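Chemist: Below is one structure. I have some questions about it.
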DNA sequence: AGGCGCTTGTGAAGACGTGCACAAATCGCG
DNA sequence: CGCGATTTGTGCACGTCTTCACAAGCGCCT
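Chains as they are written, first to last, in our numbering: chain A, 1 to 256; chain B, 1 to 256.
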């Protein structure tokens, strides 16, 4: 790409696209901010303070300001952030200005649901292909897309320009699919199969395991149960917990 | 930490086993270890070294040892860990020794898939109720369970002892459902709706947002693209990256 | 124009997580 | 019985993330 002017332009002579290498923790929160911003925009807000936005996104306001400061100074002191401008900025940084094609492999139970999930399209992704290794599933039409055989992947990768692969197969098949995706040049994979994937350097894999989330909750349940079973150390032990139970990823008691 | 207290048989000597408050990062990895251990057990292994297990789980071996050390000393120097014993220990700590009842609210696209997902049952969870607010969906049978109206929640919470609530509704309905779950005593919620939930203190909420995962991958795609587009500053900039691209949560190039 | 209230952006400190490197411990074998 | 090979458990240093607290900047009102 040549000079990719930021959406909002905003001067800064010939500034490079200059994706500042954001902290990973910040990157993980940007989509949340983006969603909150869209909600605010729909509600008619033109500007929002860090306090307001952080509340809508469920994070600490200082954290939000620091996160946003990493992508440049797009706020106005005494006023807040311009909602529309911030949306453009975040979408640019996240690479959402171009609609990315997603190949979904495995149209079983979960794959079916993913194929019909609205959230993808509304966030700038386009499911470009549905694939499965089971011949009996090939040909089925889901949500306007016909399921094709996974061996057609090379051809499909040429037709559509696949940017991201989603694996929703059983664990036993996941590694093979990953290899096939990598072979056709896919460098980002979202893995729903409960297994570890081995991929060459430069390929990013994110994993989502629904059962793991439940197990983490189970731990906290177990822990809470064992705590309430202890009448000792005064009731304060339970009510005075500042945020000790709070998990890194777990949103906690926000109050109203 | 000298006296090993086995989950099942151990004598529950008045005092609660006193779950050592594990670092949250450790808790999040335990389920992964558990899965790897089950695989090893199925493959006939009786013991496993930290090196072997960490490879199977896709983590650093030192990290694994430190994680396991938090739950006590269950390894044997020079030998490794007893697979069966470690499975018991982790399952105990995670509270999986008792099968927990899960209420799934929202049987739309995603809810349907979750209702049919094998991974829950095989990990010690039991979907005890399917609920929906849409009367036209009530009565439908999915995987042997009949969908009931969400207003029946109080009754159901008494019948079954619901430990965890799963929200798979549209975002607009999620907060109301969360309130209903909290009202019947649920203190752990897994939220698939793309919104922030507000819950009272002591209630744990974990969120899974499929679109967010894709957006994070999109960022890395965008970043990789902008890097390869820059021939300047010597090729070293690209090849010399030690692990700079590596994401905290993203598994990276494990090589073979 | 000047002051005042509000909000951003950031320095600094602390909490947390990670990974190296090594001492301690165990087994098997001669 | 002792020795070496092996592997766990952990002290320590380093990097990342979070949070507080506050100066700098902006707009509005008088």
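For every residue, glycine included, the Cβ atom is placed at its ideal position computed from N, Cα and C. Predicted model only: the values in this text are computed from it and were never measured.
#1: With DSSP collapsed to three states, give me the class of residue 188/A.
#2: Comparing the C-beta of residue 204/B with each C-beta of chain A, is any distance below 7 Å?
#3: What are the boundary residues of the beta strand (DSSP E) that includes residue 151/A?
#4: Let me see if you follow: with CB-CB separation under 7 Å, is residue 222/B close to chain A or not?
#5: Within a Cβ cutoff of 8 Å, which residues of the same chain sit near residue 87/B, ignoring the five residues on either side of it in sequence?
#6: Under 7 Å between C-beta atoms, does residue 60/A make it to chain B?
#7: Taking any Cβ of chain A, which residues in the stretch 120-154 of chain B have a Cβ under 9 Å from it, in chain order?
#8: In the DSSP assignment, what residue or residues form a beta bridge with residue 172/B?
#9: Is it right to say residue 144/B is buried, meaning 16 or more other beta carbons lie within 10 angstroms of its own, or is it exposed?
#10: Check this for me: beta carbons of residue 312/B and residue 155/B, under 7 Å apart or not?
#11: In terms of residues, what are the limits of the alpha helix (DSSP H) holding residue 266/B?
#12: Give the interface partners of residue 31/A over in chain B, defined as CB-CB distance under 8 Å, in chain order.
#13: Return the CA-CA distance between residue 214/B and residue 209/A, expressed in angstroms with no decimal places.
#14: Buried or exposed for residue 23/A, going by 16 or more other Cβ atoms inside 10 Å?
#15: When the Cα atoms are used, what is the spatial distance from residue 171/B to residue 195/B?
#16: Hey, out of 222/B, 74/B and 83/B, whose CA is closest to residue 43/B's CA?
#17: For the alpha helix (DSSP H) containing residue 83/B, name the first residue and the last one.
#18: Which residues mark the beginning and the end of the alpha helix (DSSP H) in which residue 111/B is found?
#19: Any C-beta of chain B within less than 8 Å: which residues of the stretch 87-99 of chain A qualify?
#20: Taking all protein chains shown into account, do 16 or more other C-beta atoms lie within 10 angstroms of the C-beta of residue 20/B, making it buried, or fewer, making it exposed?
#21: Pick helix, strand or coil for residue 64/B, following the three-state DSSP scheme.
#22: Using CA atoms only, rank isn't needed, just tell me which of 226/A, 25/A and 219/A is closest to residue 123/B.
#23: Looking at residue 168/A and residue 116/A, is the spacing between their C-beta atoms short of 7 Å?
#24: For residue 178/B and chain A, any beta-carbon pair shorter than 7 Å?
#25: Measure from the C-beta of residue 164/A to each C-beta in chain B and report whether the shortest distance is under 7 Å.
#26: Starting from residue 72/B and walking both ways along the beta strand (DSSP E), at which residues does that stretch end?
#27: Can you say whether residue 77/A is buried or exposed, counting buried as having 16 or more other CB atoms within 10 angstroms of its CB?
#28: Helix or strand or just coil, what does DSSP make of residue 46/B?
#29: Among the residues of its own chain, which have a CB less than 6 Å from the CB of residue 163/A, if the five just before and after it don't count?
#30: Look up residue 130/B in the DSSP assignment and say whether it is helix, strand or coil.
Modeler: In short:
#1: Residue state for residue 188/A is assigned as strand, using DSSP reduced to three classes.
#2: Yes, residue 204/B counts as interfacial toward chain A.
#3: Looking at the DSSP string, residue 151/A is not in any beta strand (DSSP E), and its letter there is neither H nor E.
#4: Yes, because at least one Cβ of chain A sits closer than 7 Å to the Cβ of residue 222/B.
#5: Non-local beta-carbon contacts of residue 87/B in its own chain, meaning distances under 8 Å to residues more than five positions away in sequence, involve 34, 37, 38 and 41 in chain order.
#6: No, because no Cβ of chain B sits closer than 7 Å to the Cβ of residue 60/A.
#7: So the list reads 120, 122, 123, 124 and 125, given in the order they occur along the chain.
#8: None, per the DSSP bridge assignment.
#9: Classification for residue 144/B: exposed.
#10: This structure does not reach residue 312/B, given that chain B is present from 1 up to 256, and the question cannot be answered.
#11: Past the boundaries of the shown model lies residue 266/B; chain B is included only from 1 to 256, so the question cannot be answered.
#12: Going along chain B in sequence order, the residues near residue 31/A (Cβ under 8 Å) are 209, 211, 212, 215 and 216.
#13: The alpha-carbon separation between residue 214/B and residue 209/A amounts to approximately 15 Å.
#14: Under this definition residue 23/A is an exposed residue.
#15: Their Cα atoms are separated by approximately 6 Å.
#16: Residue 83/B is the option with its Cα nearest to residue 43/B.
#17: Segment 83-93, the alpha helix (DSSP H) holding residue 83/B.
#18: For residue 111/B, the enclosing alpha helix (DSSP H) has its first and last residue at 109-115.
#19: For the stretch 87-99 of chain A, which is checked against every Cβ of chain B, the residues closer than 8 Å are 93, 94, 95 and 96.
#20: Exposed is the label assigned to residue 20/B, since fewer than 16 other Cβ atoms lie within 10 Å of its Cβ.
#21: Per DSSP, reduced to three states, the secondary structure at residue 64/B is helical.
#22: Just measuring C-alpha positions, the residue of 226/A, 25/A and 219/A sitting nearest residue 123/B is 219/A.
#23: No, the pair does not count as a contact, with Cβ atoms beyond the cut-off.
#24: Closer than 7 Å: no.
#25: With 7 Å as the cut-off, residue 164/A counts as an interface residue toward chain B.
#26: For residue 72/B, no beta strand (DSSP E) segment is defined, and its DSSP state is neither H nor E.
#27: So residue 77/A ends up on the exposed side.
#28: In the structure shown, residue 46/B adopts coil according to DSSP, grouped into three states.
#29: Only residues of its own chain outside the window of five on either side were considered, and among them 100 and 101 have a CB closer than 6 Å to the CB of residue 163/A, listed in chain order.
#30: Residue 130/B falls in the strand class under three-state DSSP.
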